[in-house]
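Trainee:
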Amino acid sequence: MVRKPDDEMLKEFVLHKTDANGPSTLSRVIQSWTQVHQKGNELRKRSTAKVPYSHWIKERVKKIGLPFPFASAPQPCPPEPTPISIEEGDELKATIKRLEKEKED
1 MVRKPDDEML
11 KEFVLHKTDA
21 NGPSTLSRVI
31 QSWTQVHQKG
41 NELRKRSTAK
51 VPYSHWIKER
61 VKKIGLPFPF
71 ASAPQPCPPE
81 PTPISIEEGD
91 ELKATIKRLE
101 KEKED
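Residue numbering for the sequence shown is 1 to 105, as defined by full-length UniProt numbering.
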């Protein structure tokens, strides 16, 4: 998608229950999706929305109040390092030196 759609192309409707609205409403929705026309490589697997369209979507979601999260998921906090004794640290340093020496040989 390149830019926001025309306002006349947007038509609001709600399907609370499929049975209450009848199969005709659902079939109209399905039929509408079959009539979407692609221009060039747009709307293919690896295509992405252009900046103006993405901006319009975000503004519309804010305006209407759709339940989509805006912020990216928070990154988990890294675990705190566990303290080790001086002896364990010396042993690890000795092991690292030994392994580096073996790697050189």
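Positions of the beta carbon are idealized from the N, C-alpha and C atoms, including for glycine. All of these numbers come straight from a predicted model, not from anything done at the bench.
Report the rounded CA-to-CA distance for Asp105 versus Arg98, giving the unit in angstroms.
Mentor: Cα-Cα distance, rounded: 11 Å.
Trainee: Using only the alpha-carbon positions, how far apart do Lys103 and Ile96 sit?
Mentor: Cα-Cα distance, rounded: 10 Å.
Trainee: Helix, strand or coil for Glu80? Go by DSSP, reduced to three states.
Mentor: In this structure, Glu80 counts as coil in the three-state DSSP scheme.
Trainee: Using the Cα positions of Lys58 and Asp6, report the straight-line distance between them to the nearest angstrom.
Mentor: Answer to the nearest angstrom: the Cα atoms are 16 Å apart.
Trainee: By the three-class DSSP mapping on this structure, what secondary structure does Pro52 have?
Mentor: In the structure shown, Pro52 sits in a helix (DSSP, three-state: H, G or I).
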